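Novice: In this note's numbering, the protein residues as written are 471 to 958.
Note that beta-carbon positions come from the ideal geometry of N, C-alpha and C, so glycine has one too.
Predicted model, so just to flag it, every value in this text is computed and none were measured.
Encoded as structure tokens, here's the structure I'll be asking about.
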Amino acid sequence: MTDPSTISKGSDWGYAPAPESTDHIRLKSRYGLFIEGKFTPPASGKYFQTINPANEKVLAEVAEAGEKDVDRAVQAARKAYDKVWRKMSGRERGKYVYRIARIIQERARELAVVESMDGGKPIRESRDIDIPLSAAHFFYHAGWADKLAYAFPGRKVSPVGVAGQIIPWNFPLLMVAWKVAPALACGNTVVLKPAETTPLTALLFAEICQEAGLPDGVFNLVTGAGATGAALVKHPDLDKVAFTGSTEVGKAIQKSLAARGTKLTLELGGKAAHIIFEDATLDQAVEGIVNGIYFNQGHVCCAGSRLFVQESVEEEVIAKLKARMETLIVGDPLDKNTDIGAINSRAQCDRINDYLRIGVEEGAELFQTRCTVPGKGFWVRPSFFTKVAQSHRIVQEEIFGPVLAIQTFRTLNEALEKANNTPYGLSGGVWTDKGSKIFKVTRGIRAGVIWANTFNKFDPTSPFGGYKESGYGREGGRHGLKPYVELS
Ligand code: NAP
Ligand code: MG
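Structure (structure tokens):
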């Protein structure tokens, strides 16, 4: 049998390179802010570079929005809200949202390639998951635009107003869709701030809004780093703030909005537990674990970053997991065979490496696959820790990288107690042949989403969100409309 580790090393048994073409990509060398339907330069004249984390090459220069620009964007959103969008019938609004969905589909190939270039995720994921799901969110919400009265029967439904939305770098376009689609469908206007390291698909989305003929000022984009986000949150004329990102920044936003009437939803970090019982189909479970933590380099808030294996199958699960991990191909995000792409930024790569060091210092045992990684860019080999304790930082804190912490349990109650023992409550997973155990685990874990015998499955009709320090509010489904409407 071929040693699986050689597959990713390009041996005779490895796959030939299959890079996705970039010939059709026409990025501008410099992007302005998108305010009132037009790309405009920032008041300060300052720009920053966005790079490809797989080779550290500069992709484009992007405007850095300051307070004045944010104010201009919020004013444009207010004007569009008062003069056009709030007055438009749901039926008409739905047509625009639908048109955006169609253009995302038409430009899917371009969007997928740019997403992988700017953020480092494998093309297979951006092509098969991020971009189709982004279109699906707009299609789904286009359907709600004229049916809000049915979503909230017996209530009068009106929009909230101007929404300030801030998103992270792990699913750049998909997070745009999660935020913008429900806001527009419900009659709100938007000022959005993407992450500093992944602004490009949000900028292409601004072009898509132009192409869809969306009235000026309904969607505005202010690029920049954390300070731009803070300026947006501080703006007094916002009716609603929606934030996805770290728990730390989420708490700061909550403080800065204290004593203001601004509505707030927070989608924050996670430390999801997978629980594998001895009666599970182990090969399927191992596939789910791999998908749960190594998918998107572990840059997933609901990543299955803690694994609890029933003691009787521990050795078998770990052996299967190691063998499967050795087949994972780490490398060029644009190669269609790649399983694990580049870490999103140098800062994130350093942070993951810090946790790998901390885990070893805490006394845990580290396993990493033997794959080679490219010389340039930011990479972490798929890793897991065994011999970990509940109190270890690698068990309690979110690493946001391809690093799994493995523990064992004997009884269901012990598994639940350990699974609940973190400040987070975003997601979880259970693997078993017994329906009764699935129900006990899903009732026993305090988390917004729990997958049974599968993991990381998303759909626009299904609400997503957390408990505890993972935030509050839901995105997706009928629940996800609520933060964007006033009910009377
Ligand atoms: P982050 O540092 O909190 O950044 C998120 C966004 O907030 C970025 O656009 C960031 O700008 C901006 N920001 C930074 N400081 C700010 C401030 N003081 N005021 C307002 N905005 C500010 O998070 P991250 O490290 O980029 O993303 C990873 C985190 O997101 C993880 O903890 C992950 O669990 C969480 N996440 C949660 C979900 C969910 O649905 N629950 C989904 C995805 C990610 P810059 O990036 O430009 O600095
Ligand atoms: Mg980038």
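Identify every run of the alpha helix (DSSP H) within the region 570 to 651, keeping only runs that are complete inside it and at least 4 residues long; order them along the chain.
Specialist: 578 to 589, 601 to 614 and 618 to 621
Novice: Is the distance from the Cβ of residue 611 to the Cβ of residue 655 below 7 Å?
Specialist: As a working note, residue 611 is residue 141 in the sequence shown. As a working note, residue 655 is residue 185 in the sequence shown. Closer than 7 Å, so yes.
Novice: Please go through the same chain and pick out, in chain order, the residues whose beta-carbon is closer than 6 Å to the beta-carbon of residue 895, but skip the five residues on each side of it.
Specialist: Numbered from 1 along the sequence shown, position 425 holds the residue referred to as residue 895. Once the five neighbours on either side are set aside, the close Cβ partners of residue 895 are 916, 917, 936, 937, 938 and 940.
Novice: Should residue 496 go down as buried or exposed, given a rule of 16 or more other Cβ atoms within 10 Å for buried?
Specialist: Your numbering for residue 496 matches position 26 in the sequence shown. It is exposed - the Cβ of residue 496 has fewer than 16 other Cβ atoms within 10 Å.
Novice: Return the bridge partner residues of residue 798 from the DSSP annotation.
Specialist: Within the sequence shown, numbered from 1, the residue matching residue 798 stands at position 328. For residue 798, which the question treats as bridged, DSSP gives no partner whatsoever.
Novice: To the nearest angstrom, how far is the alpha carbon of residue 806 from that of residue 600?
Specialist: Locating residue 806 in the sequence shown gives position 336, counting from the first residue. Locating residue 600 in the sequence shown gives position 130, counting from the first residue. Each residue's alpha carbon lies about 15 Å from the other.
Novice: Using 8 Å as the cut-off, can you tell me whether the region 780 to 797 makes contact with the region 578 to 590, which would need three or more C-beta pairs spanning the two stretches below that distance?
Specialist: no
Novice: What are the residues that DSSP puts in a beta bridge with residue 663?
Specialist: Position 193 of the sequence shown, counting from 1, holds the residue named residue 663. BP columns for residue 663 point to 636.
Novice: Is it the case that the CB of residue 841 approaches a heavy atom of the ligand NAP more closely than 6 Å?
Specialist: In the sequence shown, residue 841 corresponds to position 371, counting from 1. No, the beta carbon of residue 841 sits no closer than 6 Å to any heavy atom of the ligand NAP.
Novice: Could you name the residues of the same chain whose beta carbon sits closer than 6 Å to that of residue 843, not counting the 5 residues immediately before and after it, in chain order?
Specialist: To locate residue 843, count along the sequence shown from 1; it is residue 373. Once the five neighbours on either side are set aside, the close Cβ partners of residue 843 are 800 and 849.
Novice: Count the other CB atoms, across all protein chains shown, that sit within 10 Å of the CB of residue 913; report buried if there are 16 or more and exposed otherwise.
Specialist: Taking the sequence shown and counting its residues from 1, one reaches residue 913 at position 443. Counting Cβ neighbours within 10 Å, residue 913 comes out exposed, since fewer than 16 surround it.
Novice: What would DSSP say about residue 889, mapped onto helix, strand or coil?
Specialist: For the purposes of this step, residue 889 is identified with residue 419 of the sequence shown, where counting begins at 1. Helix at residue 889.
Novice: Excluding the 5 residues flanking residue 627 on each side, which residues of the same chain have their C-beta closer than 7 Å to its C-beta?
Specialist: Working through the sequence shown from its first residue, we reach residue 627 at position 157. Taken in chain order, the residues that qualify are 618, 619, 955 and 957.
Novice: Could you give the distance in angstroms between the alpha-carbon of residue 737 and the alpha-carbon of residue 646?
Specialist: In the sequence shown, counting from the first residue as 1, residue 737 sits at position 267. In the sequence shown, counting from the first residue as 1, residue 646 sits at position 176. Residue 737 and residue 646: Cα-Cα distance of roughly 13 Å.
Novice: Give the straight-line distance between the Cα atoms of residue 815 and residue 625, rounded to the nearest whole angstrom.
Specialist: Within the sequence shown, residue 815 is the residue found at index 345, counting from 1. Within the sequence shown, residue 625 is the residue found at index 155, counting from 1. In a straight line, the C-alpha of residue 815 is about 46 Å away from that of residue 625.
Novice: Do you know how far the Cα of residue 764 is from the Cα of residue 583?
Specialist: Position 113 of the sequence shown, counting from 1, holds the residue named residue 583. Position 294 of the sequence shown, counting from 1, holds the residue named residue 764. Each residue's Cα considered, the two are about 20 Å apart.
Novice: Does the Cβ of residue 658 have 16 or more other Cβ atoms within 10 Å, making it buried, or fewer, making it exposed?
Specialist: As a first step, residue 658 is located in the sequence shown; it is residue number 188 there, counting from the start. The residue is buried, with at least 16 neighbouring Cβ atoms inside 10 Å.
Novice: How close, in whole Å, do the beta carbons of residue 847 and residue 592 come, if the pair is a contact with beta carbons under 8 Å?
Specialist: The residue you call residue 847 lines up with position 377 of the sequence shown. The residue you call residue 592 lines up with position 122 of the sequence shown. The beta carbons of residue 847 and residue 592 sit about 13 Å from each other, so the pair does not count as a contact at 8 Å.
Novice: With a threshold of 16 other CB atoms inside 10 Å of the CB of residue 491, please say whether the residue is buried or exposed.
Specialist: Sequence index remark: in the sequence shown, residue 491 carries index 21 (1-based). That one is exposed.
Novice: Let's test the definition: count the other Cβ atoms within 10 Å of the Cβ of residue 487 and tell me whether it reaches 16, buried, or not, exposed.
Specialist: Counting from one through the sequence shown, the residue named residue 487 turns up at place 17. Label assigned to residue 487: exposed.
Novice: Can you tell me where the beta strand (DSSP E) with residue 922 in it begins and where it stops?
Specialist: Position 452 of the sequence shown holds residue 922. First-last of the beta strand (DSSP E) with residue 922: 919 to 922.
Novice: The ligand NAP heavy atoms versus the CB of residue 1019: any closer than 6 Å?
Specialist: Residue 1019 is absent from the model: the chain starts at 471 and stops at 958.
Novice: Have a look at residue 650 and residue 808 and give me their C-alpha separation to the nearest angstrom.
Specialist: The residue you call residue 650 lines up with position 180 of the sequence shown. The residue you call residue 808 lines up with position 338 of the sequence shown. Those two C-alpha atoms are separated by around 30 Å.
Novice: Could you tell me whether the region 745 to 753 touches the region 852 to 865, using the rule of 3 or more Cβ pairs below 8 Å?
Specialist: no
Novice: Please find out if some non-hydrogen atom of the ligand NAP comes closer than 6 Å to the beta-carbon of residue 867.
Specialist: In the sequence shown, counting from the first residue as 1, residue 867 sits at position 397. The answer is no for residue 867.
Novice: DSSP state of residue 953, grouped into three classes?
Specialist: As a first step, residue 953 is located in the sequence shown; it is residue number 483 there, counting from the start. Residue 953: helix per DSSP, three-state reduction.
Novice: With DSSP as the reference, identify every bridge partner of residue 853, one or two as the case may be.
Specialist: To locate residue 853, count along the sequence shown from 1; it is residue 383. Answer is 838 and 873, bridged to residue 853.
Novice: Counting pairs of beta carbons, one from the region 513 to 530 and one from the region 543 to 561, are three or more of them closer than 8 Å?
Specialist: no
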